[in-house]
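These notes are about the structure you will find just below.
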Amino acid sequence: MITEKVREFDAVLPDGGVLIGIDPGTKTVGLATCDAGWHFATAGKTHPRGKFGALRDVIAATVRERRVAGFVVGLPRNMDGSEGSRAQASRALARNLVEAFGLPVLLWDERLSTVGAERALIEQDFSRARRATRIDSHAAAIILQGAIDALGSGGFAFDEDR
19 MITEKVREFD AVLPDGGVLI GIDPGTKTVG LATCDAGWHF ATAGKTHPRG KFGALRDVIA
79 ATVRERRVAG FVVGLPRNMD GSEGSRAQAS RALARNLVEA FGLPVLLWDE RLSTVGAERA
139 LIEQDFSRAR RATRIDSHAA AIILQGAIDA LGSGGFAFDE DR
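Just so you know, the working numbering puts 99 at position 81 of the sequence shown, and the rest follows in order with no gaps.
Spelled out as structure tokens, the structure:
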């Protein structure tokens, strides 16, 4: 199942279990995970963007090691809410994840997540070079944290459409 609605996603999730957040950047893909109680998202690793098979293998290791319940994939919308080719790529990634793992996927509006990650890394005094290697995994954590915050509130903190 792929959805953009928190309530639909929540309805198919078991109580607890790790969620994996994914920020599909243009050059790299950032991964993040949260605790089984859905309180805190933690940035993971950043992987080069390429064929899905390589990313699938990386994700499969986490799925095997931890009780993964689902995925939250960043959906890059334009500031006016429209979608372009990057959003289509995120939707394709979501379809691949469902096919590979059979777990539900929440597409999460990721507008400004990279900006927030960049600011956080600057505040932590990361050099420009080091920020470039970590930005997508930190953006994935921001995306995932937004989703788990919405799950914790039952989705009521957001528009009825969510």
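For glycine and all other residues, C-beta sits at the position ideal for the given N, C-alpha and C.
Straight-line Cα distance separating residue j from residue i
i    : j    : result
G34  : I166 : 11 Å
E101 : P94  : 7 Å
D154 : A105 : 16 Å
D75  : A118 : 10 Å
A54  : S103 : 33 Å
F70  : K23  : 25 Å
D157 : E83  : Sequence check: residue 157 is Ala here, not Asp. When rounded, the distance between both Cα atoms is 23 Å.
L124 : S108 : 11 Å
G68  : G48  : 13 Å
A110 : E128 : 16 Å
DSSP-derived helix/strand/coil call for residue i
i    : result
F70  : helix
F89  : strand
P32  : coil
E22  : coil
H57  : coil
D41  : strand
D75  : helix
G164 : helix
S108 : helix
L169 : helix
CB of residue i within 8 Å of CB of residue j, strictly
i   : j   : result
G92 : I20 : no
T51 : T60 : yes
L37 : V90 : yes
T64 : T46 : yes
Spatial neighbours of residue i in its chain, beta-carbon cut-off 8 Å, leaving aside the 5 residues before and after
i    : result
R113 : I20
W56  : G34, L37, I166, L169 and G170
Residues near residue i by beta carbon distance below 7 Å, same chain, minus five either side
i    : result
P9   : Outside the modelled stretch of the chain, which goes from 19 to 180, sits residue 9, for which no answer is possible.
Q163 : A59
I77  : I38
A159 : G39, A50, A59, T60 and A61
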